[in-house]
Amino acid sequence: MIPFYVEYPRNGPNGCNRHESFWLSSNVNRYESMHWLAEPFTGSPLTVALLGTLFLLLLNARNSAAENVIATPPFLRLERALVGNHAVTEAALARETSMMRISALDLQKRQEIERTIQVAAFLQYGSHRTGQMYDFSVEGFQPGDVRAVRLRSGSFRRYGVRINEFNVPQGCYVDPVPERILLVYTRFTNTTLFQDVPAGYVLASPVVSVLVYDAAKLGTSEIPDQISVSTSFSLISIALPQSANSKCAYYFRTTTEVNVSDTDQGTCKVDHLGAFAIVDTVLGSAQQPHEHSNTWKIVLGSVIGGLVLLLLFALLVWRVSKYSNELKLSQMEYKAEQGETLQMATIGASRVPTASSTRTQATLVNDLTS
């Protein structure tokens, strides 16, 4: 084979200009132009399969990550009506940690006791003036454990009130808004009905409660309207004795749910009134590790998934590089097999191909023949 080739422009497919190479060969009777070769990314079924596999793995990893997200119990946020953007308010409400349940029997008995206390507070009001705190007697409670005070709704909002452990700040709203309200304070020293606390906690203080009623029916045993109280700026604080592991527990009045939240600077910070207590965490509780039991699974799955994707990407790059080299080699072999038939001549004891004198001679040949 002669070590040179000739290039000239020729119209390719769709009228496009391209250059073709013709190699001079002694074993071919005609010359043929080089065919159009396939592109590396469209001619390899293995490459297409690798790309499809990579896409499926990425989709599967995304679905697995969504399924393995840590399932946390729904947090019951304390109902907030007209709560401002005060930083202390938001920080305290964001520390709620869990919501558990108590028995329905305990809830029913507690509601019966609250009803008894409410009737006693209404019947024993007597001639007390508005704003004057008074004690009343209920069977099973010590003096001072149950007491009440009547306030005007407007005064309650403008000035707030302090009842034993409860410090209600200014700006609280009541709904509905009667002319006067009666705040009933109860201290449950006998916590038998409140012992069914969430797993991992133990009751560490008496249960204290402040409930608000419409004071229009004082002196009767009729069931008054329940009044809801919400804060606008500052939170209601409840000062109860506590330790380093203490948390606040809120007992719902109409459901068997108990909400446990963190304390704020040694006090319970809430935005509503109800029944509250201090609970301590039990050391060695099996509940705490369970909350994070799925974290290591997600981390391990993410690491393994990343390594698999990296390996597939490296394999894809290696395959594309290998195919590109094979393509170049096939082009060279194809050019070597294609060419133009030359006449053979005997020079000495060897037969070599020769080109006609009409062909363009190399500069070296011209110098030798001149």
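So for the sequence shown, numbering that gives the first Met the number 0 puts the first residue at 0; every next one is plus one. Ideal Cβ placement from N, Cα and C applies to all residues, glycine included.
Closest residue to residue i among the options (Cα-Cα distance)
{"i": "Phe208", "options": "Thr190, Pro177, Leu309 and Gly265", "result": "Looking at the sequence provided, one finds Ser at residue 208 rather than Phe. Among Thr190, Pro177, Leu309 and Gly265, the Cα nearest to that of Ser208 is on Thr190."}
{"i": "Pro205", "options": "Val302, Asn258 and Cys247", "result": "Cys247"}
{"i": "Arg269", "options": "Glu325, Tyr249, Thr253 and Ala243", "result": "Reading off the sequence shown, one finds Val at residue 269, where the question assumed Arg. The candidate whose alpha carbon is nearest that of Val269 is Tyr249."}
{"i": "Ala203", "options": "Leu106, Gln123 and Val278", "result": "Val278"}
{"i": "Leu370", "options": "Leu104, Gly218 and Lys327", "result": "The structure shown does not extend to residue 370, since the chain is modelled only from 0 through 369, so no value can be given for it."}
{"i": "Gln241", "options": "Leu150, Glu164 and Gly347", "result": "Glu164"}
Spatial distance of residue i from residue j (CA atoms)
{"i": "Met132", "j": "Ile297", "result": "57 angstroms"}
{"i": "Arg146", "j": "Val183", "result": "6 angstroms"}
{"i": "Arg376", "j": "Gly170", "result": "The shown model of the chain, from 0 to 369, leaves out residue 376, and the question about it has no answer."}
{"i": "Asp174", "j": "Val228", "result": "7 angstroms"}
{"i": "Pro142", "j": "Thr294", "result": "52 angstroms"}
{"i": "Ile180", "j": "Pro223", "result": "10 angstroms"}
{"i": "Asp261", "j": "Ile237", "result": "13 angstroms"}
{"i": "Asp213", "j": "Thr129", "result": "13 angstroms"}
{"i": "Ala274", "j": "Leu239", "result": "13 angstroms"}
{"i": "Ala120", "j": "Ser126", "result": "12 angstroms"}
{"i": "Phe232", "j": "Ala276", "result": "23 angstroms"}
{"i": "Val351", "j": "Tyr322", "result": "36 angstroms"}
{"i": "Arg310", "j": "Leu299", "result": "Checking the sequence shown, residue 310 turns out to be Leu, not Arg. Near 17 angstroms, if we compare the C-alpha coordinates of Leu299 and Leu310."}
{"i": "Tyr124", "j": "Val281", "result": "43 angstroms"}
{"i": "Glu111", "j": "Glu138", "result": "13 angstroms"}
{"i": "Gly218", "j": "Ala243", "result": "45 angstroms"}
{"i": "Arg114", "j": "Lys216", "result": "15 angstroms"}
{"i": "Asp263", "j": "Ser154", "result": "28 angstroms"}
{"i": "Val259", "j": "Phe140", "result": "26 angstroms"}
{"i": "Ala344", "j": "Met331", "result": "27 angstroms"}
{"i": "Ile346", "j": "Thr353", "result": "10 angstroms"}
{"i": "Arg109", "j": "Gly304", "result": "53 angstroms"}
{"i": "Leu272", "j": "Val307", "result": "55 angstroms"}
{"i": "Val316", "j": "Ala335", "result": "29 angstroms"}
Close Cβ partners of residue i (< 7 angstroms) along its chain, the five nearest in sequence each way excluded
{"i": "Ser349", "result": "none"}
{"i": "Gln194", "result": "Leu202"}
Burial state of residue i (16 or more Cβ within 10 Å)
{"i": "Gly199", "result": "buried"}
{"i": "Gln337", "result": "buried"}
{"i": "His254", "result": "Looking at the sequence provided, one finds Thr at residue 254 rather than His. Classification of Thr254: exposed, given that the 10 Å Cβ count is below 16."}
{"i": "Thr188", "result": "exposed"}
{"i": "Glu221", "result": "exposed"}
{"i": "Glu325", "result": "exposed"}
{"i": "Thr230", "result": "buried"}
{"i": "Leu77", "result": "Residue confidence is low: Leu77 scores 36 on pLDDT, short of 50, so the model does not pin down where it sits. No coordinate-derived value is stated."}
{"i": "Phe312", "result": "exposed"}
{"i": "Ser245", "result": "buried"}
{"i": "Leu314", "result": "exposed"}
{"i": "Glu66", "result": "Confidence in Glu66 is poor, its pLDDT being 45 and thus under 50, which makes the residue's placement unreliable; the coordinate value appears in the next sentence. Label assigned to Glu66: exposed."}
Same chain, Cβ closer than 6 angstroms to residue i, neighbours up to 5 away in sequence not counted
{"i": "Thr185", "result": "Ile116, Val145 and Ser208"}
{"i": "Val167", "result": "Gly159, Val160 and Ile235"}
{"i": "Val148", "result": "Met132 and Leu182"}
{"i": "Lys327", "result": "none"}
{"i": "Gln342", "result": "Thr353"}
Close Cβ partners of residue i (< 8 angstroms) along its chain, the five nearest in sequence each way excluded
{"i": "Asp134", "result": "Pro142, Gly143, Val145 and Arg146"}
{"i": "Ile226", "result": "Val173, Asp174, Pro175, Pro177, Ile180, Val211, Tyr212 and Asp213"}
{"i": "Ser152", "result": "Val173, Val176, Pro177, Glu178, Arg179 and Ile180"}
{"i": "Ser136", "result": "Ala119, Gln123, Pro142 and Val145"}
{"i": "Leu106", "result": "Thr254 and Thr255"}
{"i": "Thr266", "result": "Ser236, Ile237, Ala238 and Leu239"}
{"i": "Pro2", "result": "At Pro2 the pLDDT is 41, less than 50, meaning the model places this residue with poor confidence and gives no usable figure here."}
{"i": "Ile162", "result": "Met132, Arg146, Val148, Leu182, Tyr184 and Val209"}
Min CB distance residue i to chain B below 8 angstroms
{"i": "Asn189", "result": "Absent from the structure is chain B; it holds one protein chain and no more."}
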